[in-house]
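J.:
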Amino acid sequence: MTLSPGTKVRIKTMSPLGHIRTPHYLRGKTGVVERVLGPFKNPEQLAYMVPAPTRTLYRVRFEMGHIWPDAEAPQDTLDAEIYEHWIDQDAP
13 MTLSPGTKVR IKTMSPLGHI RTPHYLRGKT GVVERVLGPF KNPEQLAYMV
63 PAPTRTLYRV RFEMGHIWPD AEAPQDTLDA EIYEHWIDQD AP
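Okay, so the sequence shown: first residue is 13 according to the working numbering, each after it adds one.
#1: For R67 versus D91, is the C-beta distance shorter than 8 angstroms?
#2: Let's test the definition: count the other Cβ atoms within 10 Å of the Cβ of V21 and tell me whether it reaches 16, buried, or not, exposed.
#3: Relative to the alpha-carbon of R33, which residue among H97, D102, D82 has its alpha-carbon at the smallest distance?
#4: Among all the DSSP beta bridges, which residues are the ones paired with I99?
#5: Can you tell me whether DSSP reads P55 as helix, strand or coil?
#6: I need the boundaries of the alpha helix (DSSP H) containing Y32, first residue and last residue.
#7: By DSSP, does G77 sit in helix, in strand, or in coil?
#8: Would you report the Cα separation of N54 and D88, rounded to the nearest angstrom?
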């Protein structure tokens, strides 16, 4: 999967055990790919010193009001670096 900047995405709501890089408060939230950062080994597996596949890392931008409905400045944004296996392309 290769996504382009500007693509609307949703973060998957998975809850696997172990070392996880995707913040819980972003799971299920919708954002927009801000940029493609490139391929990196999956740190969720590297943390356990096991072979890790290379996955594409994206910077995804979220509006604060979509993360926290009572945000003081809902139009402000938060950028997070999210690996491809956490991204669902079928965002509304």
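Where is the CB? At the ideal position from N, CA and C, for every residue including glycine.
T.: So, from the data block:
#1: Here the question's residue 67 lines up with position 55 in the sequence shown. Here the question's residue 91 lines up with position 79 in the sequence shown. In this structure, D91 does not lie closer than 8 angstroms to R67 by Cβ.
#2: Residue numbering aside, residue 21 sits at position 9 when the sequence shown is read from its first letter. Burial call: buried.
#3: In the sequence shown, residue 33 corresponds to position 21, counting from 1. Out of H97, D102, D82, H97 has the C-alpha closest to the C-alpha of R33.
#4: Stepping through the sequence shown from its first residue, residue 99 is reached at position 87. Bridge partners of I99: I23.
#5: Taking the sequence shown and counting its residues from 1, the one referred to as residue 55 is at position 43. Residue state, collapsed to three classes: helix.
#6: The residue you call residue 32 lines up with position 20 of the sequence shown. This sequence places Ile at residue 32; Tyr is not what is there. I32 -> no alpha helix (DSSP H), and no H or E assigned at all.
#7: As a working note, residue 77 is residue 65 in the sequence shown. DSSP places G77 in helix when its eight states are reduced to three.
#8: Counting from one through the sequence shown, the residue named residue 54 turns up at place 42. Counting from one through the sequence shown, the residue named residue 88 turns up at place 76. When rounded, the distance between both Cα atoms is 29 angstroms.
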